[in-house]
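Q: Dropping a structure here in structure tokens format, bear with me for questions.
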Amino acid sequence: MDTSSPLLSVGDLNRAIAESLTERFDAVLVSGEISNFKAYDSGHWYFSLKDEEGQIRCVMFRGKNAQLGFMPQSGDQVEVAASVSMYVPRGDVQLTIHSLRKAGLGGLYEAFLKLKEKLAKAGLFDENRKRPIPSHPKSLAIITSAQAAALKDVLTTLARRAPHIPIFIYPTLVQGP
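Pasting the structure below:
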């Protein structure tokens, strides 16, 4: 046994490790699958994030998860912004989650969902606001690339099935060839 190193209590060692982890991993982005999700009466959430190679315990406190807008569940694939910490009494390394979103939902999609919810609350999607779709349109607008491969097929079909309908083409940039 090397007696040149200072003798530490378990608590002292855990506090030193916790401090080192907090300094080194103050802000991390992690993706994984939620498992063992539990929401407690305190409002705090406890769960594990896992992938094929490992797992880590996580905590998301009430003040942060109240801003989320959905209740995660075991099996959800998520992306989290967190800090790495240690729960000193047990020596458990954990992620303290600051924000969480379902994996694959980019910022634009999340903004779309928030806008959709806002418009729904304003009543803009109510059935009584909807206009009936005419059974025989007076004209048709096509918004696509002028070089789109499908445009020729659409125009050929319309010429054959509805030659009396005026067609307006509005060229724009589109994704793909």
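When we follow this note's numbering, the leftmost residue of the sequence shown carries the number 5, and every step to the right adds one. Yeah, the Cβ is synthetic: ideal placement off N, Cα and C, and Gly gets one too.
Determine the burial state of MET75: buried for a count of at least 16 other Cβ atoms within 10 Å of its Cβ, exposed for fewer.
A: exposed
Q: Using only the alpha-carbon positions, how far apart do LEU104 and PHE41 sit?
A: 14 Å
Q: Whole angstroms are fine: how far does the CA of VAL14 sit from the CA of GLY95?
A: 9 Å
Q: Using the three-state DSSP reduction, which class does GLU57 fall into: helix, strand or coil?
A: coil
Q: On the DSSP letters alone, give me the boundaries of the alpha helix (DSSP H) that LYS68 sits inside.
A: 66-69
Q: Which residues does DSSP pair with LYS42 in a beta bridge?
A: TYR50
Q: By alpha-carbon positions, which one of PRO170, GLN151, SER35 and PRO175 ends up nearest to CYS62?
A: Proximity to CYS62 across PRO170, GLN151, SER35 and PRO175 peaks at SER35, based on C-alpha coordinates.
Q: Is it buried or exposed for PHE51, if we count other Cβ within 10 angstroms and need 16 for buried?
A: So PHE51 counts as buried.
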